[in-house]
């Protein structure tokens, strides 16, 4: 019985399970117990676990190893940002075990964590928390392997060059048994996930297990006939043991694992919702822009993505760990309060509920008879937008993935109506400030690149009407066929809104289709100020809107409206013998008859549900707030300009254009610098602003100069974050000017 070497897997706050195992083991002075890390987080009693282990030092030789959760906690006690990250990854349970205040953590608990080793080696075995490089000695192993890397189909290291057997935790064994790869023993058997905590005798290969409530697994309850506490009758809960087999035979009467019961789905969504709730709760603490990932981080992310589809299932907690720890934090945090860069997509949470309902019920709404109620929801949403734009009842349209597909559909509809099959001599006109998706849409719609003509702009970045007229006349005289003008109601660079009334007069006189790209700016029509700015939009033949911009919805939500819905049929109405008969009734719209897509997701609920829940007035109020915040920011930039002029007489702060909506484009201009030096100055300014992580601005080029750009459109952005943004902009301007002068 003496001189046993026993390894215990990831405990994660499951103190009752740990105590039950120790009651069976009955440690003696000659025994060595190696604990493999992750003593805290997720489970309910992290503080008690450390107390038990600290006491165990007096009973036997205890070798506690360091886990990644101890690393996260240690970092959390030094940094507010790391603290939020730790809470988000299970630290809340540990915090609660110390009565909500880590100042209550006893000094000997901190000492115990500091005492933990990165690995342990015996004559026959190597013990570590996570994984390893088989070619390296232990003292040269990278931390990302020792503490973070899982051992699974995506990463399975070969035998260590020492020839010793590896015993490790970290990778949950979702069937509850020790994972035996021959040269590796995996003993994290997912206790906090309602399975087991394992104690593994490395000499005999025996192991015992206990559940988080302390109950012992009957067939795993003794070492070498060691006496332990009485076995508990498990007849009431044995059926719930998660015993799975890869060889389980499927029969006609047996449901597959894909066929979730209502209760299983409810549990699954609750697990996901908890993670999303934590994400939303801590949203404000995440940086708006993460630094570019290092090569090692990219390598780690790739290892999370198996090169071939895995054949075996993974635990949902493990999958969610990967998603929320590795994938979600990377890149730009576009749902942040401080995201002021390119036009934000809001990610309104209620929209996700609409998508969840649509995806689970999986009705086919492009054909009315297949899902009449859901098809009607989409028609109703489109009709709301029709009324907002000011179109009459003959208007119609459809929901798309965004402005790119909507613009392309408008160009195809105009092409078919205006020219039929022969459009080689067609000419389309738009300003040089239009979104590049218009260029792409025209090309995909079949127009050669030379058929799209770019018109110059006025100082306010709106299309030059006189230049447009001259271009149309010149093209007609050369034998071309002008067919269409694409106007802007909110350009990407400066938010400029073209003179829509003036453009209508030109198109009416020249018999041209007037299309308005209002993807960014259209929903400002919900406000009185926006309706004045976009006067004349109701006279256009077609309009593009992006609810994922102005209505704060998730990316992938666009809309095309046409003044006469019948203009869509010649371009998009196709049928075949396998399709059901189309209704031919505008009150029972088969959307597949008026749009490019046939099989697609249902998009109506993601709009309808949030509007029904909140009412349209809150959207009006928030959009007016964004206009007001932009005006406020412009006034603060004017104050900054005066301050810069006073201290740096050769430097000016310039606006690229007077803002009409919620975009501000501006730059520093030093008359004593070359154009390239001024561009570099503004690039440095932008980099310093974004380095803080509280806000993120973007850049563009207007009149061939580099400018900084603010777009205020997130429903989470309010005056407090704008005040913070302007403070950072101001201090960064002072810093880059001082630095550049010193160089």
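Residue numbers (this note's numbering): 7 to 749. By construction, the Cβ of each residue, glycine as well, lies at the ideal position given by its N, Cα and C atoms. These numbers come from a predicted model, not from an experiment.
Within a 10 Å sphere around the beta-carbon of residue 166 sit 16 or more other beta-carbons, which makes this residue buried. Spatial neighbours of residue 360 in its own chain (CB-CB distance under 6 Å, excluding positions within 5 residues in sequence) are listed in chain order as 611, 612, 615.
Inclusion of residue 518 and residue 478 in the CB contact set at 9 Å is warranted, their separation being smaller than that value. Comparing C-alpha distances from residue 623 to each of 657, 557, 644, 168 shows the shortest one belongs to 557.
For residue 640, the enclosing alpha helix (DSSP H) has its first and last residue at 622-653.
Straight-line measurement puts the Cα of residue 503 at about 8 Å from the Cα of residue 667. By alpha-carbon distance to residue 407, the top candidate from 675, 565, 129 is 565. Judged by DSSP in its simplified three-state form, residue 368 adopts coil rather than helix or strand. CA-CA distance, residue 555 to residue 526, rounds to 6 Å.
In terms of CA proximity to residue 341, 561 leads the group 446, 539, 561, 530.
Remark: C-beta atoms of residue 316 and residue 160 approach each other more closely than 9 Å. Note on residue 509: 16 or more other CB atoms within 10 angstroms of its CB, so buried under the neighbour-count rule. Taking the CA atoms as reference points, residue 221 sits about 21 Å from residue 47.
Burial of residue 488 is indicated by the presence of at least 16 other C-beta atoms within 10 angstroms of its C-beta.
A distance below 7 Å between beta-carbons, with the five flanking residues on each side excluded, links residue 705 to the following residues of its chain, in chain order: 692, 712, 713, 714, 715. Taking every protein chain shown into account, the CB of residue 697 has fewer than 16 other CB atoms within 10 angstroms, so this residue is exposed. Here DSSP, grouped into helix, strand and coil, assigns residue 159 to coil. Cβ-Cβ separation between residue 377 and residue 371: approximately 4 Å, consistent with a contact (criterion under 8 Å). Per the DSSP secondary-structure output, residue 434 pairs in a beta bridge with 458, 490.
Residue 214 and residue 119 have their C-alpha atoms some 25 Å from each other. DSSP, read as helix, strand or coil, puts residue 481 in helix. In the DSSP assignment, residue 424 is bridged to no other residue.
Sequence-distant partners of residue 463 (beyond 5 residues in either direction) whose C-beta falls short of 7 Å from its own C-beta, in its chain, are 437, 438, 439, 469, 470. Listed in chain order, the non-local C-beta contacts of residue 205 below 7 Å within the same chain comprise 12, 14, 27, 31, 213, 214, local neighbours out to five positions each way being set aside. By the criterion of at least three beta-carbon pairs nearer than 8 Å, the segment 121-137 is not in contact with the segment 78-93. Within a 10 Å sphere around the beta-carbon of residue 44 sit 16 or more other beta-carbons, which makes this residue buried. Residue 196 counts as buried, since no fewer than 16 other beta carbons sit within 10 angstroms of its beta carbon.
Nearest to residue 125 by alpha-carbon distance, out of 156, 175, 113, 115, is 175. Apart from the 5 residues on each side of it in sequence, residue 275 sits with its Cβ closer than 8 Å to the Cβ of 362 in its chain, given in chain order. Around the C-beta of residue 680, fewer than 16 other C-beta atoms lie within 10 Å, and the residue is accordingly described as exposed. Going by beta carbons, residue 652 and residue 548 fall outside the 9 Å limit. Nearest C-alpha to residue 322 among 348, 673, 410, 279: 279. Separation of residue 21 and residue 218 (C-alpha to C-alpha, rounded to the nearest whole angstrom) is 7 Å.
For residue 67, the pairing in a beta bridge is given by DSSP as 38. DSSP places residue 499 outside any beta strand (DSSP E), giving it a letter other than H or E. Taken through DSSP and simplified to helix, strand or coil, residue 675 comes out as strand.
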